[in-house]
């Protein structure tokens, strides 16, 4: 226990693994399915991991397989996974005992990317308030739309709105509709609140809180906040324009819609494709250039210490600034009149290259396990699992148990890997008392 107290970030993977196993056991209970049947272990494990890792990939037809209790459990697991197992536990402890010991404070800081011993109680209050306020707003808007615009019974509209609000803010892709949100692709009162909620949830609490606190003076934002906020805006804008350009005349996706419908569907799909996972247009009918675009956006993901996955927006744009400085021959990497530490540059490069290696190895392994799976489909599924996005080209149910297990491991690694590895690097930085002679190897 002393080792965990000294390096609490090491406890994060274990806690997530225990939560996944508990969720798997509960999902295997007969009352969790509509037909009151025993759920196979692999199906339960895949679903529990997908929920805890806030991915949303599923090997079952969610609304027609899981019963009410099963769907409630998936919702709870998603909320715990998005909020953070340790953060959620700390909230419960704080609510019950009004106290939070040093050990629990260190665990929360390890999971939320807060490395100082500040007011953790205030941090937890801000996180909980933000999460539930955003989910409440989304749930009310979607509930009202389904109740008044689609003649849903009130309680069904409330359940549907609440379920999708939790899934959207936590950037998970579980849906109460077999075809995702295809029926609401042109309805801004349903799709846009969920898309905006996914964007907010994907920014990350540190960046979100600073942006709100200093909204009048964005020039004073920290480098990480600037990279996350402006980088996310740039990715969404570029992604939406590129997606509409590729799919504008595609009759199987947005080509059949009028101009406002194309814009709403295109923006929503890109906003949710970065890590949200809801299907707004038929993914299996997209053009090849759209697959390339979505794979890139999924791999980048959202903000640090957020409900999103991927290598993170700040990592991607920090590397872009590193390349720009190197091309221009500048000795320092600067962002917004701030010099970026060499250690941060190395951390970003390490996370990005390790992620590329994991996706490449996972794609090769999945192709080897499935003879007739096209390369683009394998790459798409692996990237979606590792980035905890949840989009699929519709091949999951046809995969073998080995293929499903591979994606399960990738979802787990994608959720806890970057968090654990990035925090471990930041917390374990060492300084040598000596330096070796410098040499410049030939590059390129």
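Residue numbers (the UniProt record's numbering): 1 to 444. Glycine included, each C-beta is placed from N, C-alpha and C at the ideal position.
Inset, instruction - Please confirm whether residue 240 and residue 277 have their CB atoms less than 7 Å apart. - result: Locating residue 240 in the chain shown gives position 240, where the first residue counts as 1. Locating residue 277 in the chain shown gives position 277, where the first residue counts as 1. Contact flag unset, no.
Inset, instruction - Go to residue 351, then tell me how far its alpha helix (DSSP H) extends in each direction, as first and last residue. - result: In the chain shown, counting from the first residue as 1, residue 351 sits at position 351. First-last of the alpha helix (DSSP H) with residue 351: 342-369.
Inset, instruction - Give the C-beta separation of residue 383 and residue 351 to the nearest angstrom, bearing in mind that I take them to be a contact with Cβ-Cβ under 8 Å. - result: By one-based count along the chain shown, residue 383 stands at place 383. By one-based count along the chain shown, residue 351 stands at place 351. That belief does not hold up - the Cβ atoms of residue 383 and residue 351 are roughly 15 Å apart, past 8 Å.
Legend entry - Other residues of its chain near residue 48: CB distance less than 6 Å, five sequence neighbours each side excluded: Counting from one through the chain shown, the residue named residue 48 turns up at place 48. For residue 48, where only same-chain residues beyond five positions count, the Cβ hits under 6 Å are 20, 23, 24 and 27.
Inset, instruction - With a threshold of 16 other CB atoms inside 10 Å of the CB of residue 333, please say whether the residue is buried or exposed. - result: Here residue 333 refers to the residue found at position 333 of the chain shown. Its Cβ being crowded by 16 or more others within 10 Å, residue 333 is buried.
Legend entry - Inter-stretch contact at 8 Å, needing at least 3 Cβ pairs: the stretch 224-239 / the stretch 248-264: The stretch 224-239 makes no contact with the stretch 248-264; the number of CB pairs closer than 8 Å stays below 3.
Legend entry - Secondary structure of residue 30, DSSP reduced to three states: Translated into the one-based positions of the chain shown, residue 30 becomes position 30. Residue 30: helix per DSSP, three-state reduction.
Legend entry - Buried or exposed (CB count within 10 angstroms, at least 16 for buried), residue 40: Counting from one through the chain shown, the residue named residue 40 turns up at place 40. Counting Cβ neighbours within 10 Å, residue 40 comes out exposed, since fewer than 16 surround it.
Inset, instruction - Taking residue 170 as part of the alpha helix (DSSP H), name the residues at either end of that continuous run. - result: For the purposes of this step, residue 170 is taken as the residue at position 170 of the chain shown. For residue 170, no alpha helix (DSSP H) encloses it, and the DSSP letter there is neither H nor E.
Legend entry - Three-way DSSP call (helix, strand, coil) for residue 159 in this model: Along the chain shown, one-based indexing puts residue 159 at 159. In the structure shown, residue 159 sits in a helix (DSSP, three-state: H, G or I).
Inset, instruction - Look at the alpha carbon of residue 252 and the alpha carbon of residue 178, and state the distance between them as a whole number of angstroms. - result: If you number the chain shown from 1, residue 252 lands on position 252. If you number the chain shown from 1, residue 178 lands on position 178. So the two alpha carbons sit approximately 18 Å from each other.
Inset, instruction - Mind the definition here: the stretch 272-286 touches the stretch 386-393 only if three or more C-beta pairs lie below 8 Å; say whether that holds. - result: yes
Legend entry - Rounded straight-line distance, which links the Cα of residue 214 to that of residue 221: The residue labelled residue 221 in the question sits at position 221 within the chain shown. The residue labelled residue 214 in the question sits at position 214 within the chain shown. Each residue's Cα considered, the two are about 7 Å apart.
Inset, instruction - Please specify which runs of the alpha helix (DSSP H), each continuous and at least 4 residues long, are wholly inside the stretch 242-289, giving them in chain order. - result: Qualifying alpha helix (DSSP H) stretches, in chain order: 259-273.
Legend entry - Assigned secondary structure, residue 339 (DSSP; H/G/I helix, E/B strand, else coil): Position 339 of the chain shown holds residue 339. In the structure shown, residue 339 sits in a strand (DSSP, three-state: E or B).
Legend entry - For residue 13, the three-state DSSP class (helix, strand or coil): The residue labelled residue 13 in the question sits at position 13 within the chain shown. Residue state, collapsed to three classes: helix.
Inset, instruction - Compare the beta carbon distance of residue 255 and residue 173 with 7 Å and say whether it is the shorter of the two. - result: Walking along the chain shown from the start, residue 255 turns up at place 255. Walking along the chain shown from the start, residue 173 turns up at place 173. Not closer than 7 Å, so no.
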